[in-house]
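Numbering (my numbering), first residue to last: 1232 to 1398.
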């Protein structure tokens, strides 16, 4: 995952799992392309599930003209799904930010990931419904800087992840 995933630490506490039962390979600034490169490292641990947090940095790259939704983003999502073919893959869609311009692109990124996930029978968690205020931006209580999450924001997402893991 990206810096939002990295901020959750090893996640076992957030998910109510035994210590050292999770590995977090996330890194600051990672795009889905970089995250796809982490999948082989994750598979070494023989996981039951791989959580893929990403899309925020992709949206910023699209906004800056360094990435396109129609080609690179779709290819990266499909590559992640293919690499995870022997384990459950769960995409955690990027939450909105306090930046309306970025949110417009983030919505396109989320829709692209959702569409591909549905077509490939892959689970996703839409953080938008959990973390958005009435103006379509991330609610102040869930963010420390307009992008990254507060402990309350992590708690909201971890509840949804727990539901998916216990199904």
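Backbone N, C-alpha and C define an ideal beta-carbon position, used for all residues, glycine too.
For residue i, name the three-state secondary structure that DSSP assigns.
i: residue 1251; result: coil
i: residue 1380; result: strand
i: residue 1245; result: helix
i: residue 1323; result: strand
Since residue i contacts residue j with CB under 8 Å, what's their CB separation in whole angstroms?
i: residue 1324; j: residue 1355; result: 6 Å
i: residue 1320; j: residue 1281; result: 5 Å
i: residue 1475; j: residue 1263; result: This structure gives no information on residue 1475, because the portion of the chain shown stretches from 1232 to 1398.
Alpha carbon to alpha carbon, what distance is there between residue j and residue i?
i: residue 1255; j: residue 1242; result: 7 Å
i: residue 1287; j: residue 1357; result: 13 Å
i: residue 1311; j: residue 1234; result: 18 Å
i: residue 1348; j: residue 1309; result: 9 Å
i: residue 1258; j: residue 1365; result: 30 Å
Looking only at its own chain, which residues have a Cβ that is under 7 Å from the Cβ of residue i, when we skip the five neighbours before and after it?
i: residue 1252; result: 1243
i: residue 1240; result: 1255
Note down, in chain order, each residue of its chain lying with its Cβ closer than 6 Å to the Cβ of residue i, except the 5 sequence neighbours on either side.
i: residue 1372; result: 1383
Leaving aside the five residues before and after residue i along the sequence, list all residues of the same chain whose C-beta is less than 8 Å from its C-beta, in chain order.
i: residue 1249; result: 1243
Under 8 Å, with one C-beta from each stretch per pair, do the region 1272–1283 and the region 1326–1337 reach the 3-pair mark? No, they do not touch.
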